[in-house]
Structures are given as structure tokens and as C-alpha cells.
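Offset between the sequence shown (1-based) and the working numbering: plus 503. For glycine and all other residues, C-beta sits at the position ideal for the given N, C-alpha and C. It should be emphasised that the depicted structure is a prediction, and the values quoted were computed from it without experimental measurement. The structure appears below as C-alpha cells.
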Amino acid sequence: EALADWIGDVAVEESKTVGLLHGSSDPLEGLRDAVAVWASGHAYLGHVPEASPALLPAFAQEAKQRHAALTAEFVDEETLFNRAEVLMAQPERDEVDALRERCDAHGIPDERRLLRPTRLVIAVLDGHEDDDARGGIAEDLLLYEGGGHRRLALLWAPTDLSPDTYLESMARFRGVFPAHGDTPGALQMQKAFLEARDEPRAFAEGLEFLVSKGAPEVPAPNGHIRWTEYDDLDDVDDWIQAHRDALYAVVARSSLHDQLPDAWPLRTPGGLHVPPLNDEEGAAIASFVRELGEG
Numbered sequence: 504e505a506l507a508d509w510i511g512d513v514a515v516e517e518s519k520t521v522g523l524l525h526g527s528s529d530p531l532e533g534l535r536d537a538v539a540v541w542a543s544g545h546a547y548l549g550h551v552p553e554a555s556p557a558l559l560p561a562f563a564q565e566a567k568q569r570h571a572a573l574t575a576e577f578v579d580e581e582t583l584f585n586r587a588e589v590l591m592a593q594p595e596r597d598e599v600d601a602l603r604e605r606c607d608a609h610g611i612p613d614e615r616r617l618l619r620p621t622r623l624v625i626a627v628l629d630g631h632e633d634d635d636a637r638g639g640i641a642e643d644l645l646l647y648e649g650g651g652h653r654r655l656a657l658l659w660a661p662t663d664l665s666p667d668t669y670l671e672s673m674a675r676f677r678g679v680f681p682a683h684g685d686t687p688g689a690l691q692m693q694k695a696f697l698e699a700r701d702e703p704r705a706f707a708e709g710l711e712f713l714v715s716k717g718a719p720e721v722p723a724p725n726g727h728i729r730w731t732e733y734d735d736l737d738d739v740d741d742w743i744q745a746h747r748d749a750l751y752a753v754v755a756r757s758s759l760h761d762q763l764p765d766a767w768p769l770r771t772p773g774g775l776h777v778p779p780l781n782d783e784e785g786a787a788i789a790s791f792v793r794e795l796g797e798g
């Protein structure tokens with residue numbers, strides 16, 4: 504029923520081979536796209552990254568056992584481009600142009616491409632977050648090593664709000680979900696850079712995450728979080744308007760939502776990486792596969 508409500512009625516005049524390039528920003532990146540392809544009756548052709556080669560094929564195999572008509576084949580990237588009539592992908596923002604060029608070279612027209620680059624997420628704090636909200640924000644920040652297709656790495660906080668309780672929540676999250684072994688090494692150079700410039704910073708004892716205080720910039724690498732102060736919510740709104748095309752969501756505790764502009768794409772803490780089927784991206788996916796079925 505949920506799938507029917509999301510995809511709607513799809514009458515496929517001619518099944519198309521839809522190539523899905525699954526990225527490595529999270530273990531099941533592109534799963535929602537795959538489900539849309541299967542639900543709409545098109546042929547799925549997937550490529551999974553070396554960083555996560557098993558989960559999606561295992562999911563597809565289980566789905567095929569339950570639904571005999573479902574098609575799912577996994578191939579290398581070059582084979583996918585040679586065979587696909589349609590391409591769906593979630594590239595990094597700096598990879599989009601190169602991916603468009605590959606589509607051009609393989610005869611995949613604009614109307615048969617759905618390229619959704621990685622999106623930015625911010626959190627707006629007011630100092631009244633309880634343990635659950637702080638824990639949810641920590642999960643949104645640190646799951647997938649501080650990366651993911653929807654990356655939260657910028658926290659807006661009232662001027663002079665202490666970050667201590669938020670840092671404690673991050674440390675507790677890392678106590679339950681340890682960082683990947685490569686994360687401390689990846690953050691070490693940035694930590695040294697901040698120390699050399701004597702910039703305000705905080706970090707976990709094992710450098711599983713790093714927080715710096717400063718201007719509202721999305722920091723690198725993944726796992727590095729920026730803490731930016733605001734005097735007035737207009738400061739946040741100005742930033743949002745300047746970055747709206749790249750922004751996926753604004754995370755804030757639910758009781759704060761009524762005090763924030765209706766135009767902001769608000770989400771509550773803790774669910775960032777499990778989006779609802781029919782959010783903005785989900786609606787775009789559903790519309791795309793429906794139009795494929797029309798010809």
C-alpha cells in the first residue's frame with residue numbers, strides 16, 4: 504500500500520533497462536531508486552561500489568525469491584553504461600559533470616537521466632534540546648562516518664551556547680557505534696591545521712570526530728563538524744537562501760519547528776538517513792519512473 508501511494512499507477516508501455524550506479528556514501532545508497540524501478544516494472548541493472556559490494560545484491564536476491572517477475576542484475580560500470588537505456592545515480596557534487604559526459608557518450612539523453620547530487624543538511628539548535636534530541640542529532644552527524652548522501656556537518660547555535668552537552672552526546676553515540684578505523688587518521692591533518700591557527704576546536708579522545716567553531720562553512724573531511732553561532736535566526740535564513748539548491752533539510756527539535764520559517768525543509772533529529780518515501784527526493788524518483796512508463 505505504501506509503495507502504491509508513493510509510485511502511483513504505472514502502466515509500462517515498454518519496459519526499459521534502468522542502470523543504477525550505487526555510490527559508497529552509505530551501504531544502501533540508491534535502494535529507494537531500485538525499489539522504484541522494480542515497483543514500476545522496468546528492468547534493473549545495477550553497479551555497486553567496492554566499499555559495499557554485498558548488501559544490495561543480497562537484498563535483490565531476497566526480493567527476487569518473493570517476487571518471481573522481478574529482474575535484478577549486477578554488472579561492472581562499463582557494462583552498465585553500454586546496456587542501460589536510462590541512468591539513475593547519486594553522485595558527489597563534483598562528479599556530476601563527468602557523469603553527464605559519460606551519458607552523452609553512451610547515448611543516454613537528458614530526459615532519461617536522474618542524477619541527484621549529494622545534499623547539505625544543517626541543524627539549528629536553541630539550547631533546549633533534551634537527551635533524545637541531542638542523541639538524534641549525534642546520530643545524524645556521525646552515522647556513515649559523518650558523510651552520507653545527506654550530510655549534516657554544520658550546526659547553528661545561539662551565541663554563547665556551550666557545546667559540552669552536545670559533545671557528550673556525540674561521544675556516547677561513538678561509544679555504541681565506533682568510528683571506522685580510518686576516521687581518526689583522516690581527521691588528524693585537519694586537527695593539526697586548526698591547532699596551528701589556534702582556532703577553537705573540540706574532539707573525541709580517539710579523534711573519532713572533530714568539532715571546530717567558526718564561519719558557516721561545510722568542513723572537510725567527513726567527521727569534521729562546524730559549530731557556528733547566530734545572534735538572530737535571520738542569520739540562518741540568509742545562509743539557507745544562499746544555499747537552497749544544495750540544501751536537503753534543516754534538523755531541529757520538534758517543539759522548535761513552530762518558531763522557524765515554514766519555507767525551511769524541517770526534519771526532527773534522528774531520522775535524517777532514513778528518509779520518508781515521498782520526501783522531495785522520493786517524489787522526484789516516483790515522477791521519473793512514472794514518466795519512463797509513458798514512453
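- A Cβ-Cβ distance of about 25 Å is found for the pair valine 714 and proline 778, leaving them out of contact under the 8 Å criterion.
- The Cβ-Cβ distance between alanine 755 and valine 627 falls below 8 Å.
- When secondary structure is reduced to three states using DSSP, proline 661 falls in the strand class.
- Judged by DSSP secondary structure, glutamate 598 falls outside any alpha helix (DSSP H); it is assigned neither H nor E.
- In the structure shown, arginine 616 falls within a strand segment according to DSSP collapsed to helix, strand and coil.
- Scanning Gly709, Leu646, Glu580, Val624 for the CA closest to the CA of leucine 531 turns up Leu646.
- Nearest in C-alpha terms to leucine 697, of all of Pro719, Arg675, His727, Leu775, is His727.
- Secondary structure at alanine 507: helix, using DSSP grouped into helix, strand and coil.
- Residue state for leucine 531 is assigned as coil, using DSSP reduced to three classes.
- If you keep only unbroken alpha helix (DSSP H) runs of at least 4 residues inside the region 632-715, you get 634-645, 667-679, 686-699.
- Note that the C-beta distance between threonine 686 and glutamate 648 is below 8 Å.
- In the assembly as shown, valine 679 is an exposed residue. Its beta-carbon has fewer than 16 other beta-carbons within 10 Å.
- Under the three-state reduction of DSSP, leucine 769 is assigned to strand.
- The closest CA to that of leucine 559, considering only Ala572, Asp536, His570, is found on Asp536.
- If you draw a straight line from the Cα of threonine 520 to the Cα of alanine 507, it is about 21 Å long.
- For the 8 Å CB-CB criterion, methionine 591 and leucine 573 do not form a contact.
- Separation of the CB atoms of alanine 636 and proline 772 is rounded to 5 Å, and the pair is thereby assigned contact status at 8 Å.
- A Cβ-Cβ separation of about 14 Å leaves tryptophan 541 out of contact with leucine 780 under the 8 Å criterion.
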